[in-house]
Amino acid sequence: MNQTSENNPQQESKQPENKSFSMIKTVQNILFAGLISATLFTLWTPNNIFSNQLFRETILNIELNQQQQFLPSATPMPQKRIGIVAGHWGNDSGAVCPDGLTELDLNLRIATLVKQYLIEDGYTVDLLQEFDPRLSQYTAMALISIHNDSCDIINDEATGFKVAAAASNSYPEKSNRLASCMIQRYQSATSMQFHYNTITADMTSYHAFGEINPDTTSVIIETGFMNLDRKILTENPEIIAQGIVAGIKCYAKNEPVTVEVTTAPITPAPQ
Ligand SMILES: [Zn+2]
């Protein structure tokens, strides 16, 4: 008993130590368990899974947005579509020379070359007849109608080319710009003179201008006179076509031009 009683004080004196020790242990354990579960919570909770899903969804949205930029819109703008009318094609022969050379022959040959060169440059091209049904509300970046002038021997002035912009266009400044481009680039390609003073109402009020969608930029070109310009028209149609293509590309690529064009018929239509 005594021993026990002797030991008791020791035991009694130890007990508080043990109690406080076990309490520290318990607190440490709780803290440790808390730390582990907190770590696991951070790593594996649905919050984390959700944030992974959110990340994936964000990436998916970015990808979708990028794809949508290349999808056609509801009203696609035909940025690289060009319409080329081969004057008189499918209707009549146009002007005729005494030896049988027709304006239609020249127009169709030039228009076919223009189409070929534009396609080589990545454009989509519609080669159209004079009264092509597709002209009705035709929508494109531009429409160019190709014609040639009379084979009659008029005078020494009956040489050179004419360009007229659509008078009835929604954006006349655009058609005027295409005309400016056409005049300057065609002139430098062919070295032919531009007939400022012989553009007629027949040209500015050309029938197709009133049929196409008024948003479509449009010009008509008379590439030369079939008598005095016959040599270049018949022997070098590729130069003629290159001049027209250079004019179209000048407009399409917004290249600088120094020629200013305003839409106004200058002289009455010839008989
Ligand atoms: Zn014609």
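Under the working numbering, the first residue of the sequence shown carries the number 2, and numbering increases by one thereafter.
Virtual Cβ for every residue (Gly too), placed ideally from N, Cα, C.
Quick caveat, the model's predicted, so the values are computed rather than measured.
Using CA atoms only, rank isn't needed, just tell me which of the options is closest to residue i.
i, options, result
"Q130", "L119, D122, R110 and Y118", "R110"
"R82", "N108, D106 and Y124", "Y124"
"H89", "P134, D106 and C98", "D106"
"S219", "K232, K175, I184 and Q243", "K175"
"Y207", "E158, M142, A166 and Y118", "A166"
"I222", "G211, D93 and H196", "H196"
"R231", "L136, A209, Q185 and I154", "I154"
"T259", "S181, I145, D203 and E239", "S181"
"A87", "I213, A168, T140 and F132", "F132"
"G225", "M142, T191 and P134", "T191"
"I240", "C251, G211, C152 and R186", "R186"
"M183", "A112, R135 and Y252", "Y252"
Please state if the CB of residue j and the CB of residue i are separated by a distance shorter than 7 Å.
i, j, result
"L102", "T160", "no"
"I200", "K163", "yes"
"P215", "S171", "yes"
"I245", "V115", "yes"
"L144", "I249", "no"
"A96", "S169", "no"
For residue i, name the three-state secondary structure that DSSP assigns.
i, result
"G248", "helix"
"N156", "coil"
"T205", "helix"
"K81", "coil"
"N62", "Annotation note: pLDDT 46 at N62 (below 50); position unreliable, coordinate value reported separately. Residue state, collapsed to three classes: helix."
"F56", "Confidence in F56 is poor, its pLDDT being 45 and thus under 50, which makes the residue's placement too unreliable to answer from."
"A39", "Only weak support is given to the placement of A39: the predicted model assigns it a pLDDT of 49, under 50, and the question is left unresolved by the model."
Say yes only if the C-beta of residue i is nearer than 6 Å to one or more non-hydrogen atoms of ligand 1, and no if none qualify.
i, result
"H196", "no"
"G84", "no"
May I ask whether a heavy atom of ligand 3 can be found less than 6 Å away from the beta carbon of residue i?
i, result
"V260", "Among the ligands modelled here, namely ligand 1, ligand 3 does not occur."
| field | Below 5 Å from a heavy atom of ligand 1 - residues by beta-carbon | value | G88, G95 and H148
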